[in-house]
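Chemist: After the structure tokens below, expect a handful of questions from me.
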Amino acid sequence: WLEEKKGRKVPMYCVDVSVGYPMDKPLEEYKINYIVQQLNDGIEWLEKITGRTYDDRLLCEAVWNEMRATRLWAEICTLNQAVPAPLDEKSMYALYVMGTLMKHRPECVAFYEKLKAEVEDRVQRGIAAVANERFRVITDTQPPWGFLRIFREMEKYGVVSIGSLYTYGLIGMWKYRPDGTWVPKELPLRKPQTREEAVRTIVEWTVDRPEWAHFYVPEAKTKMILNIVKQWKVDAVLLHYNRGCEGLSVHIAENRHGLQEAGVPVFPFEGNMGDEREFDFPGTLARLTTYFESMGLKKLRE
Numbered sequence: 120w121l122e123e124k125k126g127r128k129v130p131m132y133c134v135d136v137s138v139g140y141p142m143d144k145p146l147e148e149y150k151i152n153y154i155v156q157q158l159n160d161g162i163e164w165l166e167k168i169t170g171r172t173y174d175d176r177l178l179c180e181a182v183w184n185e186m187r188a189t190r191l192w193a194e195i196c197t198l199n200q201a202v203p204a205p206l207d208e209k210s211m212y213a214l215y216v217m218g219t220l221m222k223h224r225p226e227c228v229a230f231y232e233k234l235k236a237e238v239e240d241r242v243q244r245g246i247a248a249v250a251n252e253r254f255r256v257i258t259d260t261q262p263p264w265g266f267l268r269i270f271r272e273m274e275k276y277g278v279v280s281i282g283s284l285y286t287y288g289l290i291g292m293w294k295y296r297p298d299g300t301w302v303p304k305e306l307p308l309r310k311p312q313t314r315e316e317a318v319r320t321i322v323e324w325t326v327d328r329p330e331w332a333h334f335y336v337p338e339a340k341t342k343m344i345l346n347i348v349k350q351w352k353v354d355a356v357l358l359h360y361n362r363g364c365e366g367l368s369v370h371i372a373e374n375r376h377g378l379q380e381a382g383v384p385v386f387p388f389e390g391n392m393g394d395e396r397e398f399d400f401p402g403t404l405a406r407l408t409t410y411f412e413s414m415g416l417k418k419l420r421e
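So, in structure tokens, the structure goes:
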């Protein structure tokens with residue numbers, strides 16, 4: 120987007136949210152206020168640039184829709200704790216995209232409400248994403264987008280990827296309970312009624328986004344992955360050394376070390392979500408199948 124903007128006189132307003140992550144305690148009030156003030160300034164900037172009056176009613180609706188949608192997605196991801204898992208990572212990429220593009224819209228909320236009911240039904244009836252599931256893995260960040268068929272190759276060994284920190288944490292909003300478990304974040308008691316309420320509410324909601332934790336300390340990402348391993352009954356973690364997203368791959372070597380220290384089997388692989396030339400599909404698949412065989416898995420079908 121920056122390259123597209125270059126040389127064009129397109130107004131742009133950025134918001135700095137790098138105030139830390141509330142892993143073990145709430146953020147200090149001045150950090151929340153820092154982001155709130157930027158959003159308020161941004162609203163004034165928009166009115167000046169467009170010559171239009173900002174509609175606070177629509178803002179309140181959008182904030183409430185976003186909060187509902189992101190909680191619903193977390194609840195859907197939680198259903199994947201079931202054995203067998205009702206969803207697999209490859210399929211989840213077709214579902215999470217609604218939340219990446221339009222989580223502020225009522226259509227997104229309605230879609231996730233229907234999806235949640237369908238996934239609950241799959242759990243109750245024991246419908247599996249991978250019929251022969253016998254080994255559960257997760258990944259950490261974006262996949263090599265041009266090679267999603269690697270997940271179908273894994274299924275030939277009875278392996279299901281039940282999601283990733285990325286699919287769970289980019290759209291889903293989570294909170295730590297006092298016992299250390301990771302659960303969907305609770306909604307406020309009521310929808311915001313004013314601009315001031317809406318802006319503060321969305322800031323307080325969004326600072327808990329798990330994907331933002333990666334940028335600060337490696338322990339945050341490691342802790343989240345360990346929570347998923349324990350709560351979602353995961354057998355191994357696939358770590359993508361993703362050169363296409365430095366932000367989510369920062370500290371990844373430390374994450375690998377932390378997971379191994381905790382006794383979690385780890386399979387690292389290199390790639391680039393944005394450049395297919397930097398992913399060796401045959402080589403990675405050969406290493407991965409060898410890894411599965413070393414874990415005692417045999418190929419079940421061609």
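Numbering-wise (the numbering used here), the sequence shown opens with residue 120 and increments by one.
The C-beta atom is built at its ideal place from N, Cα and C for all residues, glycine as well.
These figures come from a predicted structure and were not determined experimentally.
Which residues does DSSP list as the beta-bridge partners of His359?
Modeler: The residue given as residue 359 occupies position 240 in the sequence shown. BP columns for His359 point to Phe388.
Chemist: Three Cβ pairs or more, each shorter than 8 Å: is that satisfied between the region 284 to 299 and the region 320 to 334?
Modeler: yes
Chemist: Measuring only between beta-carbons, confirm whether Glu323 sits less than 8 Å from chain D.
Modeler: Included in the structure is just one protein chain, with no chain D present.
Chemist: Taking the beta strand (DSSP E) that Arg244 belongs to, which residues open and close that run?
Modeler: For the purposes of this step, residue 244 is identified with residue 125 of the sequence shown, where counting begins at 1. Run containing Arg244: none in the beta strand (DSSP E); it sits in the alpha helix (DSSP H), Pro225 to Arg244.
Chemist: Judging by CA-CA distance, which residue of Val216, Asn251, Gln157 and Leu267 is the nearest neighbour of Glu398?
Modeler: Looking up residue 398 in the sequence shown gives position 279. Note that residue 398 is Phe in the sequence shown here, rather than Glu. Among Val216, Asn251, Gln157 and Leu267, the Cα nearest to that of Phe398 is on Leu267.
Chemist: Apart from the five residues on each side of it in sequence, which residues of its chain come closer than 7 Å, Cβ to Cβ, to Val90?
Modeler: Given that the chain is displayed from residue 120 to residue 421, the structure contains no residue 90 and the question cannot be resolved.
Chemist: Give the DSSP-derived three-state secondary structure of Trp264 in the structure shown.
Modeler: Walking along the sequence shown from the start, residue 264 turns up at place 145. If DSSP states are grouped into helix, strand and coil, Trp264 belongs with the helices.
Chemist: Please list, in chain order, all residues of the same chain as Val182 whose beta carbon is under 7 Å from its beta carbon, the five residues on each side excluded.
Modeler: On the sequence shown, residue 182 is found 63 positions in, with the first residue counted as 1. Correct list, in chain order: Pro311, Ala317, Thr320 and Ile321.
Chemist: Helix, strand or coil for Ile371 per DSSP?
Modeler: The residue labelled residue 371 in the question sits at position 252 within the sequence shown. In this structure, Ile371 counts as helix in the three-state DSSP scheme.
Chemist: Could you tell me the distance, in whole angstroms, from the CA atom of Ile371 to the CA atom of Pro337?
Modeler: Your numbering for residue 371 matches position 252 in the sequence shown. Your numbering for residue 337 matches position 218 in the sequence shown. Cα-Cα distance, rounded: 7 Å.
Chemist: With 16 other CB atoms within 10 Å as the buried threshold, where does Ile168 fall?
Modeler: As a position in the sequence shown, residue 168 is number 49, starting the count at 1. Counting Cβ neighbours within 10 Å, Ile168 comes out exposed, since fewer than 16 surround it.
Chemist: Per DSSP, what kind of secondary structure is Pro307 in: helix, strand or coil?
Modeler: Here residue 307 refers to the residue found at position 188 of the sequence shown. Pro307 falls in the coil class under three-state DSSP.
Chemist: When the Cα atoms are used, what is the spatial distance from Tyr215 to Lys342?
Modeler: As a first step, residue 215 must be located in the sequence shown, where it is residue number 96. As a first step, residue 342 must be located in the sequence shown, where it is residue number 223. Cα to Cα, Tyr215 sits roughly 23 Å from Lys342.
Chemist: Let me know if Pro401 comes out buried or exposed under the rule of 16 or more other beta-carbons within 10 Å of its beta-carbon.
Modeler: Within the sequence shown, residue 401 is the residue found at index 282, counting from 1. Burial call: exposed.
Chemist: Shortest alpha-carbon distance to Val134 belongs to which of Tyr231, Leu367, Val278 and Ile162?
Modeler: Taking the sequence shown and counting its residues from 1, the one referred to as residue 134 is at position 15. Out of Tyr231, Leu367, Val278 and Ile162, Ile162 has the C-alpha closest to the C-alpha of Val134.
Chemist: Return the CA-CA distance between Phe411 and Leu378, expressed in angstroms with no decimal places.
Modeler: In the sequence shown, the residue the question calls residue 411 occupies position 292. In the sequence shown, the residue the question calls residue 378 occupies position 259. In a straight line, the C-alpha of Phe411 is about 18 Å away from that of Leu378.
Chemist: Check whether the Cβ atoms of Pro205 and Val238 lie closer than 8 Å to each other.
Modeler: The sequence position of residue 205 within the sequence shown is 86, counting from 1. The sequence position of residue 238 within the sequence shown is 119, counting from 1. Yes, the pair counts as a contact, with Cβ atoms nearer than the cut-off.
Chemist: Measuring straight from C-alpha to C-alpha, what distance separates Ala339 and Tyr132?
Modeler: For the purposes of this step, residue 339 is taken as the residue at position 220 of the sequence shown. For the purposes of this step, residue 132 is taken as the residue at position 13 of the sequence shown. Cα-Cα distance, rounded: 29 Å.
Chemist: If I measure Cβ to Cβ from Glu272 and keep anything under 7 Å in the same chain, skipping five residues before and after, which residues do I get?
Modeler: Counting from one through the sequence shown, the residue named residue 272 turns up at place 153. Counting only Cβ-Cβ distances below 7 Å, and skipping sequence neighbours, we find Leu404.
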